[in-house]
Amino acid sequence: MSEETKPTEAPAEAKAEKPAATAAKPKKEKPPAVEDKPFAEFITQHFLPALTQTLQKFAVNDLDLKFEKQPVPIKGLTDVDCWQVIGHMKGGQRQFRIGFIKEDISGQKFFCWADKGSNPSQMESFMIDERKITLDLMVLYTIQRLNGQKWLTVN
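Here the working numbering is used: the first residue of the sequence shown is 3, the next is one more, and so on.
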């Protein structure tokens, strides 16, 4: 007569200890992303310094960057105020603006520029295809846009 062997089960106490041991380890909390900071804080403390630093790599040393709430600089739209990053280069002869329709980096944005000290006459959408907006992407798109105007490098 053979004796049937049953698999031995671990006591309930031992089973309960394993999840408790893994639960006891505190997870390292990630610091909040800079993009999650309040809008004005993100722009002034992160975007403007990052953009300035990147433009200095392109030998743009006379950059004047501001962040202000102003009317849209296009004729016929001046009754609309929005937050704008305003950059002046080449002794004020070149100007670009990144406008935020809402106080949100993920919201609608526009880009406009002017050369030879004139006022902007054209406005383009800016970063419309991006689902997740990051600091690096905002800097990259700004550099691409300025380079598209041949303001940073010459062909």
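C-beta: ideal position from N, C-alpha, C; glycine also. No experiment lies behind these values; they were computed from the predicted model shown.
Query                                                                                                                                                                    : Result
Using 10 angstroms around the beta-carbon of residue 79, count the other beta-carbons present and answer buried if the total reaches 16, otherwise exposed.              : exposed
Does the contact criterion of 3 or more C-beta pairs under 8 Å hold for the stretch 50 to 57 versus the stretch 133 to 148?                                              : yes
Can you find the residues in the same chain that come closer than 8 Å, C-beta to C-beta, to residue 42, ignoring five residues on each side of it along the sequence?    : 69, 85 and 105
Can you tell me the Cα-Cα spacing of residue 127 and residue 103, whole angstroms?                                                                                       : 11 Å
Could you tell me how far apart the beta carbons of residue 130 and residue 113 are, in whole angstroms, since I believe they sit closer than 8 Å?                       : Between residue 113 and residue 130 the Cβ distance is about 11 Å, and since that is not below 8 Å, they are no contact.
Please classify residue 51: does DSSP put it in a helix, a strand, or coil?                                                                                              : helix
In chain order, what residues of the same chain have a beta carbon less than 7 Å from the beta carbon of residue 135, not counting five sequence neighbours either side? : 37, 107, 108 and 129
Going by the CB atoms, is the gap between residue 81 and residue 73 shorter than 8 Å?                                                                                    : yes
Which residue's Cα is closest to the Cα of residue 111: 93, 83, 121 and 47?                                                                                              : 83
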